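Numbering of the sequence shown is given in the numbering used here, commencing with residue 518 and proceeding in unit increments. Backbone N, C-alpha and C define an ideal beta-carbon position, used for all residues, glycine too. No experiment lies behind these values; they were computed from the predicted model shown. Comments concern the structure below.
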Amino acid sequence: MTNGQFAGNISPEQAWEILAANPKAQLVDVRTTAEWAFVGFPDLRPLGREVLYVSWQEFPAMAVNPRFFEEVWQLCPDREAPLVFLCRSGHRSRLAAIACAERGYQRCYNIDSGFEGVLDAGHHRGRVNGWKVANLPWVQR
């Protein structure tokens, strides 16, 4: 297996452009089930696509998901498809993107500000940067 490439950090807007331009590109949301349930999640329906949900770490212990690569492979066996990784703020998704590149995925990107972005001066997320602040489609249940 040839190692792929960590293609780098990108903004949420750049991620949307990649997803819109390439029908093979996949958005992999690596947050936890609790985050999906309580914070919301990206909505790719305007692109006619679905998000791939694979937790990098499992709630509540936050141990690395031992089935992560198997789950990604099941959802996206095409190692040449661009994979765009997303977490809360860009840290876990960066680790997941690098790890998938090391496993042979050819173009792995990390959304550097994640879904909610960095903390603001008042220690709140969702106000400075991230998918939500970029006004990209998202839903909450």
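Exposure of residue i, with buried meaning 16 or more beta-carbon neighbours within 10 Å
i, result
"K541", "exposed"
"V656", "exposed"
"A532", "buried"
"L592", "exposed"
Cβ-Cβ distance between residue i and residue j below 8 Å
i, j, result
"D546", "L603", "yes"
"S572", "G607", "no"
"R584", "G621", "no"
"V568", "L544", "yes"
Alpha-carbon to alpha-carbon, residue j and residue i
i, j, result
"R642", "L636", "5 Å"
"N646", "G557", "16 Å"
"A524", "E530", "16 Å"
"W648", "C617", "22 Å"
Closer than 7 Å: residue i CB and nearest the ligand SAH heavy atom
i, result
"R562", "Inclusion of the ligand SAH in the displayed structure is not the case, the ligand content being empty and no account of it being possible."
To test your reading of the DSSP string, which unbroken alpha helix (DSSP H) runs of 4 or more residues are found completely within the region 573 to 634? 585 to 592 and 608 to 619
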